[in-house]
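Visitor: Submitted below is the structure of interest, expressed as structure tokens.
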Amino acid sequence: MTDGRPLDPVPGPLDFPDSPLSRAARQPLMLGLFLPLQTGAFSQSTLPRATRWDFEYNRHLTQLAEASGFEFVFGLQQWVGKGGFGGEMHYRENFLDPFISTIALSTVTTNILSISTVHVLYGNWHPMHLARFAATADHIAAGRYGLNIVTGYATGEPPMFGMDRIDHDRRYDMADEFTSILEDLWNGRENLTYDGEFYSLRDAYVSPRPKYGRPILVAASGSPAGYDFAGRHVDIVFTASPAGADFDGAIDAMPEHVAQIKNAARKHGREVKVIIFPLVICRETDEEAFAYRDEIVAHADTGSLVNYHARHTTGDAQAWPKHVLADRALGGHLQITGGPERVAEALERLHAAGFDGVQLGFYDYEPELAFFNEAVVPLLKAKGLRG
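Mind the numbering: the sequence shown is residues 1 to 387 in UniProt numbering, read in order.
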């Protein structure tokens, strides 16, 4: 309970027509880049490539994406032990923190949104900490900063923080209270005194306030409890494919999947944008693209694949029910392979299925992002998917 008043409802960036998120959302299909902040990025293959995890490389990619008109960049969070997931490539052994990296990236850009990921339930995070940190980031980024709020599903991560994994739906109860407190601290009219089930505050206040009500909020959700949490709080839902990574096998399941997410928000009188992560393999022709894909898969790093797959099978995430071990050599929640026309058509089909944006990944990031901008983006514009 509070000091006689409910937690204050908070307007979000989409309620301000001049906010950076509102401007981004005017695109029929928003384009984002899933940054390779970790060793191996999102593909467990030893086929040679120039993709790197270091900050300078990610800075360059972010500036290239911004110059190409992309709306956002996004950073993954994960906690791994020595050697990462092992294998020949020591997959994800090095891992730049996305909370700090995306704030830094906002200082070398002017338009693109920078979205981080934070496990709000690990360790001694308190809403007061994150409310001030994120409000500060929001001012540094001039309203372009976003938080992807996640609760953690992997069995091996909570012990790193001296805790046991919390039950799946209980985690979302905690995240709901945590985020409600954040929202009040960002917008409440008075000091906040609050005694909840999980968190307490006395005379708490955060200033300066975020520029557009609160920072951009994102949730990576794949369960009914996650969709309800997202529907209450966030602007963007980052979801996976419920039908595996193969595009042709998954696309038919997408309209119902997206509708479920959006309907969960409408139950709370809200609207959300929904995005997904396709790993794109694009070459001049379909034949070249499929040959390149096959070569990547042929160099699969079996050791890291087995270890990484075990992480998912022992966790309690509900977002990847049909994903199999072989999908992870290439990576992505979906895999889009082909020449420019085929790739553009696949993105058009995602838009028709209800997606508001895509968070793209590549195998060899810099040259493949440049080719995508040169060969695919003009086709998206011709289809009316880009302004």
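C-beta: ideal position from N, C-alpha, C; glycine also.
(1) How many Å lie between P378 and L334 at the Cα?
(2) For L330, which of helix, strand or coil comes out of DSSP?
(3) Fully enclosed by the region 120 to 154, which beta strand (DSSP E) runs are 3 residues long or longer?
(4) Are the CB atoms of P127 and I181 within a distance shorter than 8 Å?
(5) Closest by CA to L147, which one among E183, A219, P158?
(6) Please say whether Y153 and F229 have beta carbons closer to each other than 8 Å?
(7) Would you call the region 235 to 245 and the region 12 to 24 in contact, with 3 or more CB pairs under 8 Å?
(8) Are the CB atoms of M254 and G354 nearer to each other than 8 Å?
(9) Whole angstroms is fine: what's the gap from G231's alpha carbon to H268's?
(10) Out of Y363, R59, Y194, which has the shortest C-alpha to C-alpha gap to G332?
(11) Can you look up Y212 in the DSSP assignment and give me helix, strand or coil?
(12) Comparing the CB of G188 with every heavy atom of the ligand GTP, is any distance shorter than 7 Å?
(13) So, helix, strand or coil for P98, using DSSP?
(14) Within 10 Å of its beta-carbon, does R266 have 16 or more other beta-carbons around it, so buried, or fewer, so exposed?
(15) Looking only at its chain, what residues have a beta carbon closer than 7 Å to the beta carbon of D15, apart from the 5 residues adjacent to it on each side?
(16) Residues bridged to A300 by DSSP?
(17) In the DSSP assignment, the beta strand (DSSP E) including residue 413 goes from what residue to what residue?
(18) Measuring CB to CB, does V150 end up less than 8 Å from H119?
(19) Report all residues from its chain with a CB closer than 7 Å to the CB of F247; omit the five preceding and five following residues, and keep chain order.
(20) For V80, count neighbouring C-beta atoms within 10 Å of its own C-beta (all shown protein chains included) and say buried if the count is 16 or more, exposed if not.
Guide: Judging by the given coordinates:
(1) 22 Å
(2) coil
(3) 145 to 150
(4) yes
(5) A219
(6) no
(7) yes
(8) yes
(9) 7 Å
(10) Y363
(11) coil
(12) Summarising the ligand content, the structure contains no ligands, and the ligand GTP is consequently not present.
(13) helix
(14) exposed
(15) G213
(16) S45
(17) Residue 413 lies beyond the residue range present for the chain, which begins at 1 and ends at 387; the question has no answer from this structure.
(18) yes
(19) L334, Q335, I336, A346
(20) buried
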